[in-house]
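Line by line, the protein sequences give chains A and B.
When the letters of the first sequence are read in order and numbered with this note's numbering, they come out as residues 2 to 591.
When the letters of the second sequence are read in order and numbered with this note's numbering, they come out as residues 410 to 989.
Don't be surprised by glycine CBs; every beta carbon is placed ideally from N, CA and C.
What follows is a set of notes on a single structure, which appears directly below.
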Amino acid sequence: MSKSKTRAPRGTLRRVLSYLRGYRLYLILSLILALSSVALTLLLPVLIGNIIDCIVGKNDVNFDTVTQIIAQSAIVIAATALFQWLMNVCNNKMAFGIARNIRNDAFRHLQKVPFSYLDSHKTGDIVSRLITDVDQFSDGLLLGLTQLFSGILTIVGTIAFMLWIHPGITLVVVLITPVSLFVAAFIARRTYRMFKLQSEIRGKQTALMEEAIGSHDVVAAFSQEDKMLERFDDLNGKLQKASLQATFFSSLTNPSTRFVNSLVYTGVALTGALSIASSGGVSLTVGGLSAFLAYANQYAKPFNEISGVVTEFQSALACAARIFEVLDSDVEKSDISEAKILSSPAGAVAFKEVSFAYSPDRPLIQNMNLTVAPGERVAIVGPTGCGKTTVINLLMRFYDVDAGAILIDGTDIRDMTRESLRRSLGMVLQDTWLKSGSIRDNIAFGKPNATDEEITAAAKAAHAHSFIKRLPQGYETILGEDGGLLSQGQKQLLCIARLMLSPPPMLILDEATSSIDTRTELRIQKAFSTLMQGRTTFVVAHRLSTVQEADTILVMKDGNVIEQGNHKTLLAKDGFYAELYRSQFEIVTK
Amino acid sequence: MRKLLRFLKPYRIEACLGPFFKMLEALFELFIPLVVADIIDVGIATGDSIYIIKRCVIMVLLGVIGLLCSVTAQYFSAKAAVGMTTGIRHALFAHIGKLSHTNTDRFGTATLLSRTTTDVNQIGTTVNLVLRLFLRSPFIVFGAMIMAFTVSPKAALTFTVTIPALSVVIFGIMLISIPLFRRVQAKLDRVLGLTRENLSGARVVRAFVRENESVQEFTAANSELTRLQRFTGRFSALLNPLTYVIINLSILAIVYLGGVQVNIGNLETGDVIALYNYMSQILVELIKLANFIILITKACACATRVNEILETPEGMKKSDILEPKKQAPKSGKVEFKNVSLSYHKNSDNALSDISFTAPDGSTVGIIGGTGSGKSSLVNLIPRFYDVTSGSVLIDNTDVRTYTDTNTLRNTIGIVPQKAELFAGTIRENLLMGNEFADNDAIFEALRVAQALNIVEQKEDRLDHVIEQGGRNLSGGQRQRLTIARALVRRPKILILDDSASALDLATDAALRHALTELPYHPTTFIVSQRAASVMHADLILVLEDGELIDQGTHKELLSRCAIYREIYDSQFKNEGGDRA
């Protein structure tokens, strides 16, 4: 896998540590446990060596001492195991706890980021940061906590024990072992480029698949399956070649380091045996040699592990950095300190010299003026991309105006709390969004404590009751992510029912009925017109028939309101609206 | 996992050679303790330095041979594993291409993608490891036991207790923790789902001021995940300490029993050390094996997910009726004879008993409510689905008799509901319809689709690069380009599946007018919810709940079909007398 090779920026580690602060006690405990279990692990070969020294030859075995040391060893073994387990428990607690805290922080943060952030970042990317990256981070952290510290301790401890037994042989071990590190580093450097190539090809392949799968219908309709497969196989072949190289060369690390380790082992056996033979067992005993051989095995292992852990830990930090990027994004400007709470407004809306652009180099709305009396119905019409949805973004304060002001009942919407503003505006958007959960939960989305009667009433008013009743579990039917098996029209009906449950004083309808069949739409319109009584309403629609009854029609083009008036006055004006209208009329009479 | 092994077949030689060389390497490793025992019992005992040096040279030689064997093994394993994943990816991609719409919808793009990438990679990594370790570890475990028996059968009896005890512990912990890992994954999926949902519904969530509730829901799911992760972690962390205890207690036992044997004179000290070393070797291998079993369980989960896709039946059966027909249809006449369609065996009919005839070059309007079966009906024409009963005829030939669905589909131009374009230039996108089309055909298509001005606005015109999914175009622009794409092939049958929804009425009208003036007169199907879009058609089909309520011209239907009148009135009620 190509764990992003980019290094984490400075400060990432410090922030990770700040998350650790809450688990200070566990961290200390974990370190103590690691220290004890490593010390005991290292003691064991010495004890066993002592036993072996008691076993000299025929009728020369000191069973009293042997039994005694065996009893001691058994206690050491049991204690080591217990400490190891407890250390793992501590590390688990920390790693998973920190992951949870980071996820919660990130999710909370996402509730506050401005829409400019959400609209400019792909959902999949943010999700993968919150899920995959955090997961990889906690895995890396867990591994780091578990193996890094005890690995270092093992190395230091082993050297100490070896020096204690025999300084000369220790030198052999200490000198040869680094060779394995060099070999590992050498291979890693050599394979880096192969891995990079591999991940590049993988990226291309994924992009191709995304297209082919995402536009499955079109691929089938235009018989492009074979061509797609051809392109896929071409990349697949390249990938096979690159992967084989990367996999093979990187897998040389293990045999090579194992070979170096066997050299260390032989070195110990050689120098140890020679020194016993030459000194007659004075400077080193056979038991001591056996302990040494055990150490030689143990000593090399953490080196390999540590180099693995370090890369793992580095990629964990890179993951953490990606999450912190999300956490560091700016949040929406908070409500001003003396923000008013908008409660049951009359619904007078005014745009005063409003200018707005998503990016400074592409001006969109300029000096827009509009006055809507309470209870009026405003229809916004115009060709695609004319800025209709932008008006909604501004009204709901999903975006703030660049210049000018939007007033509700005479108050600038920036001077009131976002919460109270949004509670006063009901919205049915073009993209129907439903949460996973039961139909009941979805209708009660804006009012979780609604009674069953209220919910049924809302569903009936939205003409959703009849289809809900026909579902196998009725109102308790669980919808999958994004509405699951419901049709687009049914989803829209639910969105309307959601609004019907507690209709706010002002409404925004964004092509709400565009994919509901006209018969249902007719019924919904009836329900809406009762709903709209006394409520200021903004309707965005392509269909002129649905906006003809509006009090004010805003005709928009290229971000500007080019005409304003009611159906009759606009027709009389014989401008853009009249043109739009005639194109329909012409069809009718042709 | 087993079902995916067939992808390893082409590499069976490599897949056998890999483990074989790995076993050779292990074999040489098993000799080391014996050599060490010799050094102690002969070399040290007699003080023979030359003997010691000779033995050490043998050890180094064993190491070199081992290294060579294992490098060979790594190569063959890598080749087999990489080859296998390449095969799986190919099979997956090819299979996904053949899945029915219902099934691709059910899985979703993200799932299909992650299974083809992440899951397959995981399988590859694991297969590679399996080939290298799976034979090696048991071989060392049992080899060490056998070698121990050759040293001292009595002391080696310890192994017969140790190895079963270890197996019980390792497999016991695995058996219990695998379902736990699965549950952790499910909880993680839940957290993922909540995050994605919150982001995609950000506008609604904030409009209803539900941020706090979302956070609560997320925190609860997240805590649940953490709790389960910790529990699972605590349990699986038992593995290492327990194996450590068993192995080391066994070492104590073997040293003690060895000591007894030495005391009797059956054994020498060096042999005891050899026994001790064999036991240590087992410990090292078992730790590897344990980590590795975790990997295997993960890979098995991946394999199950990959298999789920591979085992989803293809959408279309090859034609098994009548005599197959190779040449493409010559006319655009479309006829439905008592057609019924149900997507799943036990579900209700999406279409029931539909019959109509659309003569070559005619225009057919299809109108009806959501879920009335409009899209299902037109999807039967290019054979995206097969009828459940009845038959669909094009040019008087059953669509199922065309041997290659592509020859059929090449004569049909489809504009789907969702306007999807591909990364590439505008030209490349348009040529999807017909790769041999010349500029004349392209511009004719663009003009009719009202898309000329899109191209003219762009500096590099037809070579303007469209980003993945057409992100750099508006919805209306995408839709017009998809219409042009269908027209480039000058189809005999043109299907507009509610394709004008993102167009304003003026453009919609201009489009329909231009279509009637096409020189090659395709049979045109217009699916719509707008009466205005279908009212000029030669034949209008009114659908409701999958049934064909009525068919006829605008005039006929207005006078006799209540549903049609209702639809019409809902859209034109203010025009009073304009029903003419």
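What's the gap between the Cα of residue i and the Cα of residue j?
i        : j       : result
L920(B)  : E333(A) : 44 Å
I588(A)  : G770(B) : With a pLDDT of only 43 at I588(A), under 50, the local geometry of the prediction cannot be trusted, and the value read off the model is given with reservation. In a straight line, the C-alpha of I588(A) is about 21 Å away from that of G770(B).
Q625(B)  : V350(A) : 34 Å
I467(B)  : M229(A) : 57 Å
Y582(A)  : V743(B) : 35 Å
F745(B)  : A551(A) : 44 Å
G884(B)  : P115(A) : 24 Å
E401(B)  : A317(A) : Nothing in the structure corresponds to residue 401(B), since chain B is present only between 410 and 989.
V1002(B) : V600(B) : Outside the shown range of chain B, which is 410 to 989, sits residue 1002(B), and nothing can be said about it.
R323(A)  : G12(A)  : 13 Å
S439(A)  : L480(A) : 6 Å
I214(A)  : K507(B) : 11 Å
A854(B)  : A915(B) : 18 Å
V219(A)  : P900(B) : 15 Å
I702(B)  : M583(B) : 8 Å
I587(B)  : L648(B) : 13 Å
V17(A)   : A96(A)  : 11 Å
G822(B)  : P791(B) : 9 Å
Tell me whether residue i is buried or exposed, calling it buried when 16 or more other Cβ atoms sit within 10 Å of its Cβ.
i       : result
K492(A) : buried
T535(B) : buried
R15(A)  : exposed
T455(B) : exposed
Y929(B) : exposed
T66(A)  : exposed
V936(B) : buried
A274(A) : buried
L684(B) : buried
G23(A)  : exposed
V311(A) : exposed
V283(A) : exposed
K964(B) : exposed
P168(A) : exposed
E677(B) : buried
Assuming residue i contacts residue j under a Cβ cut-off of 8 Å, what Cβ separation, rounded to an integer in Å, is found between them?
i       : j       : result
S671(B) : G289(A) : It is Val, not Ser, that sits at residue 671(B) in the sequence shown. The Cβ separation is near 18 Å, so there is no contact.
K596(B) : E633(B) : 6 Å
V491(B) : S244(A) : 5 Å
P346(A) : D410(A) : 5 Å
Could you name the residues of the same chain whose beta carbon sits closer than 7 Å to that of residue i, not counting the 5 residues immediately before and after it, in chain order?
i       : result
A374(A) : A349
Y296(A) : P46, T159, F162 and M163
So, at 6 Å on beta carbons, what are the nonlocal neighbours of residue i in its own chain, with the 5 sequence-adjacent residues on each side left out?
i       : result
G496(B) : F416
S728(B) : Only weak support is given to the placement of S728(B): the predicted model assigns it a pLDDT of 44, under 50, and the question is left unresolved by the model.
S31(A)  : M88, C91 and N92
V529(B) : T494, I497 and R498
S515(A) : Note that S515(A) scores 48 on pLDDT, short of 50, meaning its location in the model is unreliable; the coordinates nonetheless yield the value given after this. Correct list: empty, nothing qualifies.
Once the 5 residues before and after residue i are set aside, which same chain residues still bring their CB inside 8 Å of it?
i       : result
T171(A) : I160, M163 and L164
P419(B) : G492 and G496
Margin query: Measuring CB atoms only, is the segment 554-563 of chain A touching the segment 366-373 of chain A, in the sense that at least three cross pairs come out at less than 8 Å?
Written below: yes
TODO: Answer yes if the segment 650-663 of chain B comes into contact with the segment 695-703 of chain B, meaning at least three C-beta pairs across the two stretches below 8 Å, and no otherwise.
DONE: yes
Margin query: For the segment 790-804 of chain B against the segment 961-979 of chain B, do three or more pairs of beta-carbon atoms, one drawn from each stretch, fall closer than 8 Å, so that the two count as touching?
Written below: no
Are there three or more Cβ pairs, one per stretch, closer than 8 Å when the segment 81-100 of chain A is compared with the segment 636-655 of chain B? yes
| message | Three Cβ pairs or more, each shorter than 8 Å: is that satisfied between the segment 394-406 of chain A and the segment 570-582 of chain B? | response | no
Margin query: Any contact between the segment 537-549 of chain B and the segment 661-671 of chain B? By contact I mean 3 or more CB pairs, one from each, below 8 Å.
Written below: no
| message | For the segment 264-288 of chain A, list every residue whose C-beta sits within 7 Å of some C-beta in chain D, in sequence order. | response | Absent from the structure: chain D. Protein chains present are A and B.
* Counting pairs of Cβ atoms below 8 Å between the segment 423-437 of chain B and the segment 468-485 of chain B, do you hit three or more? -> yes
Touching by the beta-carbon criterion (3+ pairs, under 8 Å), the segment 952-961 of chain B and the segment 780-791 of chain B:
yes
_Using 8 Å as the cut-off, can you tell me whether the segment 132-150 of chain A makes contact with the segment 181-191 of chain A, which would need three or more C-beta pairs spanning the two stretches below that distance?_
no
Is it the case that the segment 233-250 of chain A contacts the segment 829-847 of chain B, given that we only count it when at least three CB pairs across the two stretches are under 8 Å? no
Handout entry: Three CB pairs or more closer than 8 Å across the segment 262-277 of chain A and the segment 444-455 of chain B
Key = yes
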